[in-house]
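Residue numbers (my numbering): 4 to 502.
Input: a single structure, listed below in structure tokens.
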Amino acid sequence: MTLFGLGLLGVLIGTHGVELGRGPYGAAGFWLFSALLVVAELFPIGVQRDDEVDEITTSTTFAFALAIAYGPVPAALALVAGSVIGDVARRKPMWKTAFNASQYAISVIAAGVVYGYLASGPPHGPEALLPLFASAATFFFLNTILPGVGLALVNGGPLVRQVAHDFLFQAYTAPALLALSPILLFAADQSLAFVPLIVIPIGAVYWGANAALENVRLVERLQINLARAKELNRMKDDFVAVVSHELRTPLTSIQGYIKTVLQLGDELEPGQREAFLEAADRQSERLRRLIEQTLIVARLESHVEPLTLHEVAVQSLVDVVVHELSPIGHGHTFDVRVPADLDPVRTDEGKVHQILSNLVENALKYSPPDTRITIRGEPGVNGILVAVEDEGPGIPEEERDRVFDRFYQVDGTATRQVGGTGLGLYICAKLAEEIGARLWLETTDRPRGSMFCLFLPGSAAPPRARDAGDPQAIADPPGGRRDGSDGPDEPGQSITASV
Ligand code: ADP
């Protein structure tokens, strides 16, 4: 279509020649309308429609006036030049610029030909109404339907829907823009000096509309930000309420144990006293962890944690985690199966370290002594998969989704054997989100044991750094214009450590 429109213009110029100033208002009129057309192209109004911004320009008013007064070829030349200047100024891609120019060329040439066929000169009397209406309709239909067809071809969407989408939008704007052309020509009939006199108030209304639309957009953005701020505030209130409750629980038991020891004093057996003090010690440890983890959660939720990206060798990181946590095991055996030749991943080492430490700590905490903890590393599609597997009781099917929730514990009773805050996996999930990784609990067919998997993308930018998609549509319509890992299971290097 691009070739057709511009080719048609070329053929017409070749066969008929072109005399730009031959018309009722002479060269001065031609250049005046063309200059106004270029100015209109350079300053379109952006209108938000669904997810995209459509641009309306009044250039079609001047192009249609040129087509009536000077004929199709001069009008098409002016409109193509204006469209190219506007698109280059807005840095549109070459193919899009050519498509728009061609679409305009076809529409304005057809409109000019229809007018030239039905009428004989500029619109002076009522007899010009029918030719004016017919050529405006031609311009409107071609200018609306051609981009719809182009969009449907490029985007592969249904043709009728695409055309209908633009048709309705154009039906609001194009008639007004095209109806202005004969008014301008009536003014030019009196004197060319009247043309700017009409254009100035129209321009003022146009600018006013632009400013109003901009204000509407600003208000919308403000409302979205306000709603987001309210939601954040509500989440913070919830968090403070839950945290104060969680902090109070261990504090109350510490106070209880200490008060009992103080009140009963020598009445307590040495064994009992030791048991109470040990319990108070465990609860203070829990309190310390809660405070630490709450601070981490607060930092993560306010997104103030910077990302430090480096090339990270997963094998060495796993070795460090195993080395650091071995001392807290109870006869657990570590089976590390991470190939030495795994490609490094570009990620935040500190955050991956924190996630893996949490997973391994949980595996140690929730699996019986003398059992095995297996850590696997495998190449996946565009990244690396790390899995931490234990031989503990596992997590019941119905709890699987909830274990990543804030403060959620499968056994949340005060009598649970192991300490914990219910924040560990929540922090892991948040950290994974920050670095663009994926963390999940794998379902296995074994009756016991849990397997947590972490997929680290090889080179993908984390979501915070990722660009939002470009919703801009491919062509400008009219009249205005609108403008788990499945990598091979490599025989890994295997270190077995007993702790
Ligand atoms: P906690 O501090 O309580 O360990 P987490 O957020 O780390 O909190 O874990 C949430 C809950 O998920 C734990 O309370 C525990 O019930 C369960 N869980 C986590 N990891 C394991 C595991 N490896 N085996 C069994 N249960 C686990």
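Glycine included, C-beta positions come from ideal geometry on N, C-alpha and C.
Whole-angstrom distance between residue j and residue i, CA atom to CA atom
i	j	result
Gln475	Thr374	Any reading at Gln475 is ruled out, since the residue's pLDDT is 34, under 50, leaving its predicted position unreliable.
Ala31	Phe143	27 Å
Met238	Val245	10 Å
Phe69	Leu35	The sequence shown places Leu at residue 69, rather than the Phe named in the question. So the alpha carbons of these two residues sit roughly 10 Å apart.
Glu272	Gly259	17 Å
Ser305	Gln173	44 Å
Ala283	Leu434	31 Å
Lys3	Arg224	Only positions 4 to 502 of the chain appear in this structure, which leaves residue 3 out of reach.
Ala131	Leu229	55 Å
Thr147	Arg231	38 Å
Ile201	Leu312	60 Å
Val14	Thr61	28 Å
His333	Leu367	8 Å
Leu187	Leu11	28 Å
Ala155	Met454	47 Å
Leu298	Ala167	54 Å
Ile112	Pro75	5 Å
Val384	Tyr175	49 Å
Asp338	Ala440	24 Å
Leu181	Phe170	15 Å
Leu9	Ala72	22 Å
Lys95	Leu39	21 Å
Tyr107	Ala139	13 Å
Arg1	Glu249	For the chain, the structure presents residues 4 to 502; residue 1 sits outside this window and is missing.
Ala191	Gly85	21 Å
Phe189	Pro150	31 Å
Pro481	Gly89	Its pLDDT being 35, under 50, Pro481 is placed unreliably in this model, and the value from its coordinates should be taken loosely. Rounded to whole angstroms, Pro481 to Gly89 spans 14 Å at the Cα level.
Sheet register partners of residue i (DSSP bridge)
i	result
Met454	Glu392 and Glu445
Ile387	Pro382 and Leu459
Val50	Asp57
Pick from the options that is closest to residue i, judged by C-alpha positions
i	options	result
Gly452	Ser110, Arg403, Lys433 and Asn385	Arg403
Leu82	Leu195, Tyr369, Ser105 and Arg93	Ser105
Ala343	His335, Val321, Gly259 and Ala113	Val321
Leu6	Phe102, Gly395 and Leu39	Phe102
Pro47	Arg292, Leu15 and Gly211	Gly211
Gly26	Leu9, Pro77 and His19	Pro77
Leu328	Pro161, Leu359 and Leu345	Leu359
Arg251	Val163, Ile294 and Asn213	Ile294
Leu145	Gln412, Ala177, Ile398 and His127	Ala177
Val324	Leu290, Arg291 and Leu362	Leu362
Glu308	Pro134, Leu9, Pro161 and Ile430	Ile430
Arg349	Gly397, Gly461 and Ser194	Gly461
Leu195	Val391, Phe242, Phe33 and Ile398	Phe33
Ile1	Arg409, Ala114, Glu437 and Val317	Look at the range of the chain in this structure, 4 to 502, and you will see that residue 1 is not part of it.
Per-residue DSSP class, three states only, for residue i
i	result
Val339	strand
Glu314	strand
Asp351	strand
Ala375	Before going on, a small fix: residue 375 reads as Arg here, not Ala. Strand.
Gly26	coil
Glu249	helix
Phe407	helix
Ala31	helix
Ser360	helix
Lys368	helix
Pro480	Because Pro480 carries a pLDDT of 36, less than 50, the predicted location of this residue cannot be relied on, and the following value inherits that uncertainty. Correct three-state label for Pro480: coil.
Ala440	coil
Asp284	helix
Ile398	coil
Gly268	helix
Leu149	helix
Gly297	The sequence given here has Thr at residue 297, not Gly. Thr297: helix per DSSP, three-state reduction.
Arg469	Its pLDDT being 40, under 50, Arg469 is placed unreliably by the model, and the measurement read from it follows with that caveat. The answer is coil: DSSP assigns Arg469 none of H, G, I, E or B.
Glu304	helix
Near the ligand ADP: residue i beta-carbon under 8 Å from a heavy atom
i	result
Phe368	In the sequence under discussion, the amino acid at residue 368 is Lys, which differs from the Phe named in the question. Because some heavy atom of the ligand ADP lies under 8 Å away, the Cβ of Lys368 counts as near it: yes.
Ile398	yes
Thr100	no
Ser287	no
Asp404	no
Gln412	yes
Thr263	no
Asn424	In the sequence as displayed, the identity of residue 424 is Thr instead of Asn. True, at least one ligand heavy atom lies under 8 Å from that Cβ.
Asp338	no
Leu428	yes
Ser360	no
Ser329	no
Gly332	no
Gly268	no
Phe455	yes
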